[in-house]
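Chains as they are written, first to last, in the numbering used here: chain A, 369 to 573; chain B, 369 to 573.
The structure under discussion appears below in the form of structure tokens.
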DNA sequence: CGAGAAATCTTTACACTGTCAAGTTAAATC
DNA sequence: GATTTAACTTGACAGTGTAAAGATTTCTCG
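Following this line, the structure appears as structure tokens:
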């Protein structure tokens, strides 16, 4: 009875339907004009139907941010997994790939990405959000550790390495997402520049 | 008649008064709960009074973002000017100081900083915003150029240098501002880490 | 100087928002 | 199968942004 689509009084799986509707609403309207009533209308339910599942609009957007965090981590992981060639710089190539996956996700799903880091419409005290956020960071930190291990170095002796990579990647991603929204250039040479910068940063840790 | 405070029908300098009220509103309510009617109430005028000066709420927030961009650039510039010691790494020290000024502004005025980079409530097509944004970038680029000049290198032969610094700095600033809002740690050791990361990045250009 | 024009500001109105409270209907439980 | 519980609808309310029309002041120019 989880996947039924009959128009009974009880929806059956309204929670998932609302999350999907919310994503469409977010993409079409943007974070700012996002409307809870609009989501309910898309899902074909009354404007107060979301309340039992998500409480208020912050609850719904926090849940949606959690969906995005999962996809975000998956995108980084699979971007790393795609590096299969076995050359001496494989560890660094994976680290760079993670950064490029980060940037790609931010630019292709800029609304969802914004939601992840938008503290206003999302509840930062929600434990699952912090957990998912640190999961994403963990993936990057693991790869930094692998790079450090090439020179027999350890994370604890190089506490700045992972934050530096994270900051540079996040900076590139958010500035690029912003530029893209504002109609700025976004050609391949920009992607190449990002990759060069990530390589240089990876070499600097 | 620009500074009169009489309670005549015409305010005299309502535009500036609204900007000041808007800043207070932004700080107290946040970007999300920012209300145009709230601003008007703070300024002691009717809720439709802002319209002749700013149009809609986006116009007011864009103007406020422009104020913030100016202060932002000033903060970076004076942070650089504060480096007066004449040692061999002065150019790099100035570059790092700019980054620290960037981070300091973002953390001390996180709402105004958010506004600068919030594309939703601000109109990105406003020319003055792009101009002010590139002015801030210009300050950093000039300092990168000075650092490159130490080794007789030029900006055009090192097109990634300035973007790399910008991205790392912006990433540190926005992640730190976010952490601060969410009640995370913000001690001096964190500032020290930022400075080390900026030094390392400056050395990598 | 003074009348018409233009700008500023207020008032009123409207559609829209999020959320609460009270009903209605279906499912779950015992 | 009755009752409790959850899901959902309906109705209401305060608050929002903005458009239109009216009131008041300043500006412009003859």
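In this text, a Cβ means the ideal position worked out from N, Cα and C, and glycines have one as well.
Computed from a predicted structure; not experimentally measured.
Under the 8 Å criterion on CB atoms, residue 452 of chain A is classed as non-interfacial with respect to chain B. By the criterion of a C-beta distance shorter than 8 Å, residue 571 of chain B is surrounded in its chain by 460, once the five residues flanking it on both sides are discounted. Contact between residue 565 of chain B and residue 480 of chain A is ruled out by a C-beta separation of about 28 Å, above the 8 Å threshold. By the criterion of a C-beta distance shorter than 7 Å, residue 379 of chain A is surrounded in its chain by 385 and 413, once the five residues flanking it on both sides are discounted. Classified as buried, residue 462 of chain A has 16 or more neighbouring CB atoms from the shown chains inside 10 Å of its CB.
Three or more beta-carbon pairs separated by less than 8 Å link the region 444-451 of chain A to the region 462-474 of chain A, which places the two stretches in contact. Residue 522 of chain A is outside the set of residues whose beta carbon lies under 8 Å from a beta carbon in chain B. When C-beta distances to chain B are compared with 8 Å, the residues of the region 499-529 of chain A below that value are 527 and 528, in chain order. The straight-line gap separating the alpha-carbon atoms of residue 429 of chain A and residue 487 of chain B is approximately 18 Å. Secondary structure in the region 461-525 of chain A: the alpha helix (DSSP H) runs of 4 residues or longer, each lying completely within the stretch, are 478-485 and 495-518 in chain order.
No Cβ-Cβ contact shorter than 8 Å links residue 483 of chain B with residue 407 of chain B.
DSSP, reduced to helix, strand and coil, places residue 448 of chain A within a helical segment of the structure shown. In this structure, the beta-carbon distance from residue 392 of chain A to residue 405 of chain A does not fall below 8 Å. Residues of the region 385-403 of chain A with a Cβ closer than 7 Å to any Cβ of chain B, in chain order: 398, 399 and 400. A Cβ-Cβ distance of about 6 Å is found for the pair residue 529 of chain A and residue 516 of chain A, placing them in contact under the 8 Å criterion. In this structure, residue 539 of chain A places its C-beta atom within 8 Å of the C-beta atom of residue 538 of chain B. Per DSSP, the continuous alpha helix (DSSP H) segment holding residue 565 of chain B begins and ends at 556-571.
Listed by position along chain A, the residues whose Cβ is nearer than 9 Å to that of residue 538 of chain B are 535, 538, 539, 540, 542 and 543. Identification of residues in the region 558-572 of chain A having a C-beta nearer than 8 Å to some C-beta of chain B yields 561, 564, 565, 568, 569, 571 and 572, given in sequence order.
With 16 or more other Cβ atoms inside 10 Å of its own Cβ, residue 447 of chain B counts as buried.
Chain order gives no chain A residues near residue 476 of chain B, where near means a beta carbon separation below 7 Å; the closest approach is about 16 Å.
The region 374-426 of chain A is shown to contain whole alpha helix (DSSP H) runs of 4 or more residues at 382-401, 404-411 and 419-422, in chain order. Taking 8 Å as the threshold, the shortest C-beta distance from residue 492 of chain B to chain A falls below it. Bounds of any alpha helix (DSSP H) do not take in residue 455 of chain A, whose DSSP letter is neither H nor E. Check the Cα spacing between residue 439 of chain A and each of A/470, A/458, A/416 and A/455: the tightest is with A/470.
Non-local C-beta neighbours of residue 513 of chain B in its own chain, meaning closer than 7 Å and more than five positions away in sequence, comprise 523, ordered along the chain. Annotated three-state conformation of residue 553 of chain B is coil, per DSSP. Note that the C-beta distance between residue 475 of chain B and residue 545 of chain B is below 8 Å.
The C-beta separation of residue 432 of chain B from residue 390 of chain B comes to about 5 Å, placing the pair in contact by the 8 Å criterion. Under the Cβ distance rule, residue 437 of chain A does not count among the residues neighbouring chain B, no pair being separated by less than 8 Å.
Not flagged as an interface residue toward chain A: residue 481 of chain B, since no C-beta distance is shorter than 8 Å. Burial is judged here by how many other beta carbons sit within 10 angstroms of a residue's own beta carbon; residue 418 of chain B has at least 16 and is buried. Beyond the five residues adjoining it in sequence on each side, residue 441 of chain A comes within less than 8 Å, by CB distance, of 500, 503, 504 and 507 in the same chain, given in chain order.
DSSP places residue 527 of chain A in the coil class of the three-state scheme, outside both helix and strand.
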